[in-house]
Each structure stands twice: as C-alpha cells, then as structure tokens.
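Numbering (the working numbering), first residue to last: 942 to 1514. Even glycine gets a Cβ: it sits at the ideal position worked out from N, Cα and C. Structure record follows, encoded as structure tokens.
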Ligand code: FES
C-alpha cells in the first residue's frame, strides 16, 4: 500500500478511544479476532440476495467465494444486505424502486467503515441501482454478476426467459398452445439458479458492467451454476483488495471512453432498450456528460454480432461457450477505446486481445455480422420533442417506415380492458398508442411498451404492429415498439393529445416520428390538456413523482445527480 494512503476504515477501527472501543468491540461479537483490525482494507460485499428476487437467490454462496479471495489477499470482508428488486414479483414495477435501491446502496457504503466494495447484482435493476449508488460514493469498486440461468429446455428444444413466455402466451391466445403445455413450460424455462438467459435486461446490464470495465473479463456470460462463476467471484475478492491499495476509484474506470465503449458493445450484442435509462443515470452520478443522442450517434453504424434471443436464436450459455463478451470486444477493436482502463488494472485491449471465437453460429465479427443494422435509433418529431427510441434489430423491417391510424389507450388499465374486445376497429396497419405509462404517469415507467396485440389480429396470424408509448419494454421482448417517448403523456407531452383515428408516421431511417396534424392543431390540443389527478400523496411514491426525471435524462431523481463522495466527518456517538 502506498505509504501516503490512509484507509477510511481507520477512522472507525484505528482509534484508541471510546469510539474505537465501540467500533471494534461490537464487531468482535461475531468472532473476529483482534488482528483483523490491524489496518487491513475493509471490503464491503454489497449483497442484493433475496428469496423474493429468484435471479439473485444464490448470492450468499457467491459472497462466500468473494470472501475467500478477500481474506487470501489480506483484506477483511464484511457482507451487508440492501433492498433487492425482483423483476417478476414486485408491483407496480421494479423501476419505481431502482432509485430507492441506489440510495440504500449509496448510504450503506458511505455510512460504514468500508474501503472498497464488491457489488453482487443479477436481476435487471439490481445492477444499475448498485452501480449508481456506488458511483455516488466513488470508492474502489468491482462488480460480480450472478450469471444467467442454464438454457431453458422444453419438449426437445431450447427456450429463452421472457422471450418464449411472450411467444407462448400469444400462442395460447391464438389457440395454438394448450394451457397444460403452457404450465409445463414454466419449470422447463427456469431450471437453475441465475437471471434471465436471453440477452434481456439482466444480461445486458452484466454486459454493460463488463464493457464499462467494472468487472473482470468474462463476467457477463458465465452461467450462474458454472464453477467458473465462483472462481470469478474469488478472483474479484482478491482484486478489490489490490484496488484499494492502488486507490483505483470508480471514477478512474467510468470515463467518457468507457461509456462510449459500453454503447458500442450494447449495439453489437443487441442489448435491451433499458440500457439507455440506466447508462444515462449512471453517467449522471459519476459526472460524465452523456445524452440520449449519443446512443444513436455512437451505435448506429455497429452491426449485430451475436445471435442471441430476443433478436436471434441462441442463449447466454451458448454465448459463454462461444467465448462470451471478450470475443465480441476483440472483434470491435477498430471502434472501441482500446486503452480504457478496467478494474483488473489492464486496458480493454489487454483483456480481450487473445479472445477467440469457438462458435460462429453465435458470435460473428464486424465483417460478417448477423444483421447490418443494430443499436438503438433515437426518433424525433412532434410526437416526441425530447426523443423516443426503437430497437431496429427487434422490429419488423416493413414497419420501420409506416403510416397508420392511431388506436389510443388512455391508460394501461384501459389497454387491459379493451385489447380483446372483438368490436375494436383495428387492423394490422393500425398504430397502437399507450398513454400513462411513463416515469410519473404509472408511476415507475413499467415494461408495458410491447403491449399485447388485439386478439382478433393474433388469431388471424398477425405477429407485429407498430406500438408507441412512454413506457419501457422488457429486454426479452421484441416487436416494432417505440418506447420512452419524452416528455411523457402525464406531464403534458404530445403523446397526451393523440386521438383515435389520428394518422401517425414513422420513418426509422430518417429518425422521424410524427403525428400528422398541423402545428396549430397541436398547440390547440396541448393548451386544452389538463394533468391527471395525483395518484400518490404520501410515502416513497409521492417522493418519486415529485423528483423523477424524464426518460431522456435517465429517470433518476433530480436530487441524486452527482456524487457526495465517501467522507463523513461526524462520529456516531
Ligand atoms: Fe430477473 Fe429476468 S426476471 S433477470
């Protein structure tokens, strides 16, 4: 350790007064001997384990392996819990609680005698929430992801989390799948520990962490139950102790170059659209300038290099056996910042330069991609003055330039109530519009943007329609779906004044999304609009709606932007 470096934990454990007694004595009730308070780095293991977050339910075992590495390297590991966000169970949506979890992570790190942090994350929001919270403290930090589940196996074929759930559910509605088969698929889809094994939001977030340089190489794809996941946890425990000794803080890794790398890699892997709001929020915490337009500018010319659901055929287990993210990054050397630093002390280039592809059915290179257009297109127009987004690799090509009549659902409840109404006047050229599903409107910006299609069209074999909302979309979903329309309808964005029968035009090539009415008509409608009544007047939800930023700003709270650092001058007693 540098002789200049004073550990912040010494402010607690290094004192010989009443406070030092208090801090050490109560810790000793856990059986820690005197010598662990000898000035070694204290490593906080920030654990989002919960049985209510099934994707993170194996994290206590991962934490034990991290601890082995920390002890081995001469550190003192201390595991602590935070709230956890289970995507499949929490109502009304985990996104409502991402910022709350980030506050929990931030305050727990800052308030305690921690010199370095290992973040254990898996299910969708747990990754950005932990990174955001830790970034606002800016200590040496490394992330270990929980890893994806093994491939789903159903009646002789592989099935993917979420992606096949949506397909099966539509098949049941169309009468093509029995309810008994649907029930049988449940356990076949989720047959091991781990998070969703499609390139959904969890895998996208793990890949984001790896491409930002916040994890050891190969972190994103190792299956949760593969022994190498536990080896990586062990090695991460070792490494964080060295990072404390090197004083390598998050801000040394999370530079503008790192964010640009993450955007380009996300385009190459066909990552979830949720990547946008989470990366924008993380940039806001660490103080790196990043805008919605950057996602289009930096990612629009990156082709799709992986063949993974929901855009392709394979799953994360296949991705790992093919070589994983280092292979993708190695093939992108011309477009990545090769010298960006990563947590293991090496540059991106040093980490991935020897990565080899073992299966070109799953990973290709820039010269031979699976699809030439990938990434995320940022749309503009009178319907979305501050932007809206679409994922071209998940869309139907012929709908990328389209004009149709709006079918408007005023709220998600209105959608649920009417979607299967046989009298609804709708056809495959119609444009479904959903309001009231943005950050403030729902509240929490749920994953409802890939709204189900009208039953009568599903039964006729229609598989996609243009759908527009201020909601998000599950990373495991697909379709021609315009999301994150900003400003949202609940704050008076133009989406609020769309009416049934209005003509809507989209042209993804020119990045246009337009409600075909005159400027005068738009002004008249907006002037006549009044906000919906407040749904929440107390508790966390009321704080949320008062302070949440719009989708183009990352949906963070206005008062959480930036960092407060890790210093706390006041003693506790
Ligand atoms: Fe947890 Fe998909 S539900 S990652």
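Inter-residue spacing [alpha-carbon to alpha-carbon] between residue i and residue j
i            : j            : result
residue 962  : residue 1054 : 14 Å
residue 1201 : residue 1238 : 10 Å
residue 1429 : residue 1491 : 7 Å
residue 1112 : residue 1118 : 5 Å
residue 1094 : residue 1396 : 28 Å
residue 1096 : residue 1292 : 39 Å
residue 1495 : residue 1423 : 17 Å
residue 1098 : residue 1125 : 14 Å
residue 1019 : residue 1454 : 51 Å
residue 1022 : residue 1343 : 49 Å
residue 1005 : residue 1088 : 16 Å
residue 1221 : residue 1356 : 29 Å
residue 1139 : residue 1322 : 32 Å
residue 1104 : residue 1258 : 16 Å
residue 1143 : residue 1462 : 42 Å
residue 960  : residue 1092 : 52 Å
residue 1317 : residue 964  : 50 Å
residue 1210 : residue 1085 : 20 Å
residue 1230 : residue 1218 : 14 Å
residue 1070 : residue 973  : 31 Å
residue 1471 : residue 1426 : 19 Å
residue 989  : residue 1228 : 25 Å
residue 1289 : residue 1433 : 44 Å
Collapsed DSSP secondary structure at residue i in the structure displayed
i            : result
residue 1453 : strand
residue 949  : coil
residue 1185 : helix
residue 994  : coil
residue 1294 : coil
residue 1498 : strand
residue 1050 : helix
residue 1078 : coil
residue 1151 : helix
residue 1477 : coil
residue 965  : helix
residue 1381 : coil
residue 1509 : coil
residue 1329 : strand
residue 1441 : coil
residue 1503 : coil
residue 942  : With a pLDDT of 46 at residue 942, under the threshold of 50, the modelled position of that residue is not reliable, and the figure given next carries that caveat. The answer is coil: DSSP assigns residue 942 none of H, G, I, E or B.
residue 1094 : strand
residue 1157 : coil
residue 1143 : helix
residue 1311 : coil
residue 1486 : helix
Status (buried if at least 16 other CB within 10 Å, exposed otherwise) for residue i
i            : result
residue 1308 : exposed
residue 1068 : buried
residue 1226 : buried
residue 1366 : exposed
residue 1378 : buried
residue 1372 : buried
residue 1039 : buried
residue 1475 : exposed
residue 943  : In this prediction, residue 943 scores a pLDDT of 47, lower than 50, which makes its location untrustworthy; no coordinate-derived value is stated.
residue 1457 : exposed
residue 1301 : exposed
residue 1509 : exposed
residue 995  : buried
residue 1251 : buried
residue 1136 : buried
Beta-bridge partners of residue i, as assigned by DSSP
i            : result
residue 1136 : 1089
residue 1357 : Per DSSP, none; premise fails for residue 1357.
residue 1205 : Answer by DSSP bridge pairing: none, since residue 1205 is not bridged.
residue 988  : 1022, 1061
residue 1100 : 1093
residue 1424 : 1330
residue 1321 : 1453
Integer Cβ distance of residue i from residue j, believed to fall under 8 Å
i            : j            : result
residue 1329 : residue 1320 : 5 Å
residue 1177 : residue 1010 : 6 Å
residue 1081 : residue 1057 : 4 Å
residue 1183 : residue 1014 : 7 Å
residue 1387 : residue 1412 : 6 Å
residue 1133 : residue 1165 : 6 Å
residue 1281 : residue 1198 : 4 Å
residue 977  : residue 1017 : 5 Å
residue 1192 : residue 1079 : 5 Å
residue 1003 : residue 1174 : 5 Å
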